[in-house]
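Take a look at the structure below.
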Amino acid sequence: MKPGYYFQSDLLQLLLDNLLRDGYTCIGPQVRDGAIIFDRITSVAQLPHGVSDEQAPGSYSLNHSTTSKYFDWANGPQAIKPLLFAPREKLWQSAQSVDGQISFKTSEPDLKPMAVIGARACDIAAMKIQDQHFLQQQFVDPYYRARRENLLIIAVNCARPADTCFCHSTGDGPFVDDSVDSNGADIVLTELQDGFLIEAHSNQGKKILKGLPLHDSTKQHLEESESIKSGASKQNRQLPKFDIKSRLFNELNDEAWHAIATKCLSCGNCTSVCPTCFCHSENDVPELDGKTSSHYREWDSCFSQGHSYIHGITIRSETSQRYRQWLTHKFASWFDQYGRSGCVGCGRCITWCPVGIDVTESLAHFEERRRD
Ligand code: SF4
Ligand code: SF4
336 MKPGYYFQSD LLQLLLDNLL RDGYTCIGPQ VRDGAIIFDR ITSVAQLPHG VSDEQAPGSY
396 SLNHSTTSKY FDWANGPQAI KPLLFAPREK LWQSAQSVDG QISFKTSEPD LKPMAVIGAR
456 ACDIAAMKIQ DQHFLQQQFV DPYYRARREN LLIIAVNCAR PADTCFCHST GDGPFVDDSV
516 DSNGADIVLT ELQDGFLIEA HSNQGKKILK GLPLHDSTKQ HLEESESIKS GASKQNRQLP
576 KFDIKSRLFN ELNDEAWHAI ATKCLSCGNC TSVCPTCFCH SENDVPELDG KTSSHYREWD
636 SCFSQGHSYI HGITIRSETS QRYRQWLTHK FASWFDQYGR SGCVGCGRCI TWCPVGIDVT
696 ESLAHFEERR RD
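This is how it looks when you write it as structure tokens:
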């Protein structure tokens, strides 16, 4: 790890106060309804202090941590995706005037600066994939771009991955990519026993660091950080090492798709919690006045009945086809679209699947088939 700066935990509030003073709406992790979610924050007292999570396929719970750290947990059901790609938003409105003319008015993107504290390495990796989708194609999404340009990201390196995490095997964690020009996090924190290592990864991050009374990190701090990194890299799950893309494409008629479909509820939880999924639907909502109508975009899922409906035909009418679509897109055709897999190993789809379907197990089945 590069030498950086250190500050004691009681200065975390000063960081938050400085951001609020500079006009940022601050978003941070907090415990709500038995899970860690992201919401507005003004005080470090709102952070999940001394809390850790326990995750397994289809299971999530919070416990008292053996430490008094603020970030001694892996992740909750949300990544930072909803802060950039809104779950539901109005794109435009149409209105009919008294002479019958129809006019259209687009909704203005929100330009308020926002700072999110507590994003994880997998969240940053997923955001970079969404950047490719929303910003680096022929058409740029103005709503995503406005939020992205106004989002300051204070990431926290993971010290305690969940049983369902496998970011180490996808190359996306547990520590944030520390190249300064990686266009991801602005500031990266590593929580030590009694304080934080802090590094700026952008010019905006450097400016914020200037407002804090920091000390140079010591050899002991860096050793503690390295030991946290190596502990967090030991994860219980991993992606299989064979050529997943060609194997999946060669096994489109495998009986495994039907076997998984006997469990899968087609509920779409996996796609809702996945930080890289970007499928959406668009709908018009007419107002009761009969003259105006609003056009909304909202998250959709490849598991929904309507998502593959095209001109009178539902192309993927069976759950086996939908699960196959999800897995082959995420781990195979995504390479053709974006040059990498669509999975950053956050494990959320495993934890939040109500019947505990595990993508690493689904993929391992095809490894077994290869050996047949
Ligand atoms: S596929 Fe599952 S493990 Fe991979 S990024 Fe999506 S939610 Fe996370
Ligand atoms: S894999 Fe699990 S979370 Fe995804 S649709 Fe099926 S039952 Fe729901």
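Going by our numbering, the first residue of the sequence shown is number 336, and it counts up by one from there.
Even for Gly, the Cβ is constructed at its ideal location relative to N, Cα and C.
| Check | Outcome |
| --- | --- |
| Assigned secondary structure, Ala409 (DSSP; H/G/I helix, E/B strand, else coil) | coil |
| Alpha carbon of Asp286 to alpha carbon of Leu397, nearest angstrom | This structure cannot speak to residue 286, because the chain is shown only from 336 to 707. |
| Phe670 and Leu698 closer than 8 Å at C-beta | no |
| Touch test, the segment 357-370 against the segment 450-459, Cβ-Cβ under 8 Å, three pairs minimum | yes |
| Beta-carbon proximity list for Trp427, same chain, < 7 Å, skipping 5 on both sides | Phe439, Lys440, Thr441, Ser442 and His630 |
| Identity of the residue in Phe577, Gln473 and Ala430 nearest Thr627 by Cα | Ala430 |
| Member of Ser517, Ala409 and Trp592 whose CA lies at the smallest distance from the CA of Ala682 | Checking the displayed sequence, the identity of residue 682 turns out to be Gly instead of Ala. Looking at the Cα atoms, Ala409 is the closest of the given residues. |
| Contact under 8 Å by Cβ, Leu524 with Ile489 | yes |
| Nonlocal neighbours in the same chain, by C-beta distance under 6 Å from Ser344, ignoring five residues either side | Gly530 |
| Beta carbon of Ile692 nearer than 8 Å to that of Ile595 | yes |
| Anticipated Cβ contact below 8 Å, Thr649 with Ser643, distance rounded | 6 Å |
| Boundaries (first-last residue) of the beta strand (DSSP E) holding Val386 | Val386 to Ala391 |
| For Cys599 and Arg632, the rounded distance between their alpha carbons | 26 Å |
| Three-state secondary structure (DSSP) of Gly566 | helix |
| Cβ pair Gly540, Lys463 closer than 8 Å | no |
| Unbroken stretches of the alpha helix (DSSP H), 4 residues or longer, contained in the segment 410-474 | 416-419 and 456-470 |
| Residue environment, Glu526, which counts as buried when at least 16 other CB atoms sit within 10 Å | buried |
| Opening and closing residue of the beta strand (DSSP E) in which Val366 lies | Thr360 to Arg367 |
| Through-space distance from Asn618 to Arg318, alpha-carbon basis | For residue 318 there is no data in the structure shown, the boundaries of the chain being 336 and 707. |
| Extent of the continuous beta strand (DSSP E) run through Glu526 | Ile522 to Glu526 |
| Anticipated Cβ contact below 8 Å, Phe501 with Thr695, distance rounded | 6 Å |
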